[in-house]
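Position 66, counted from 1, in the sequence shown is what UniProt numbering calls 66; the numbers after and before it change by one each time, with no gaps. Each residue gets a CB set at the ideal place from its N, CA and C atoms; glycine is no exception.
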Amino acid sequence: MSTPSDDDLARTLVDVVTADPAVARLDAGLYGAVATLLPGGRLVGVRVDPDPARPVEVAVVLYLGAPIPTVVAGLRARLARVLGDRPVDLTVADVVAGPVDVQVEI
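Structure (structure tokens):
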């Protein structure tokens with residue numbers, strides 16, 4: 001189980017990632033391992049390890065349309081604004097059809 005500050009961090013990261021219009025949704029990853037355990041449930045798609053030396057894991061499903069490397073660079077930049085120097089493992093788990101006019105911001 002994560003600590004209260006880890007819970008808040010995980011929720012903040014979900015907000016940061018899902019604010020990107022190229023992100024269709026978060027993904028739990030293989031076997032549902034990318035998740036933060038919260039009181040009363042799980043937050044899927046972000047795993048915050050209690051050890052700050054270990055990477056934060058984020059798994060996303062992207063919409064087709066924007067170049068994946070550009071989207072990933074933007075997500076990494078926004079995550080770094082929250083996490084500072086803490087390492088991040090960002091996985092693009094899948095891509096799906098979606099809005100044709102997805103705009104990417106870095």
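Can you grab the Cα-Cα spacing for the pair residue i / residue j, in whole Å?
i: residue 7; j: residue 38; result: 7 Å
i: residue 82; j: residue 97; result: 29 Å
i: residue 21; j: residue 67; result: 13 Å
i: residue 56; j: residue 64; result: 25 Å
How would you write the range of the alpha helix (DSSP H) that residue i sits in, first residue to last?
i: residue 72; result: 68–83
Let's see if you can read the secondary structure: which residues bound the beta strand (DSSP E) around residue i?
i: residue 86; result: Looking at the DSSP string, residue 86 is not in any beta strand (DSSP E), and its letter there is neither H nor E.
i: residue 25; result: 23–26
i: residue 31; result: Neither: residue 31 is in no beta strand (DSSP E) and is coded neither H nor E.
i: residue 98; result: First-last for residue 98: undefined, no H or E at that position.
Count the other CB atoms within 10 Å of the CB of residue i; is the residue buried (16 or more) or exposed (fewer)?
i: residue 77; result: exposed
i: residue 80; result: exposed
i: residue 108; result: Residue 108 lies beyond the residue range present for the chain, which begins at 1 and ends at 106; the question has no answer from this structure.
i: residue 10; result: buried
i: residue 70; result: exposed
i: residue 35; result: buried
Tell me which residues share the same chain as residue i and place their Cβ nearer than 8 Å to its Cβ, disregarding the 5 neighbours each side in the sequence.
i: residue 14; result: 26, 43, 45, 46
Under 8 Å between C-beta atoms, does residue i make it to chain D?
i: residue 45; result: This model lacks chain D altogether, as it is built from one protein chain only.
Leaving out five residues on either side along the sequence, give the residues of the same chain with a beta carbon under 7 Å from the beta carbon of residue i.
i: residue 16; result: 78, 79, 82
contact_flag[the segment 91–98, the segment 20–30] where n(CB pairs < 8 Å) is 3 or more: Counting Cβ pairs under 8 Å, three or more are found: they touch.
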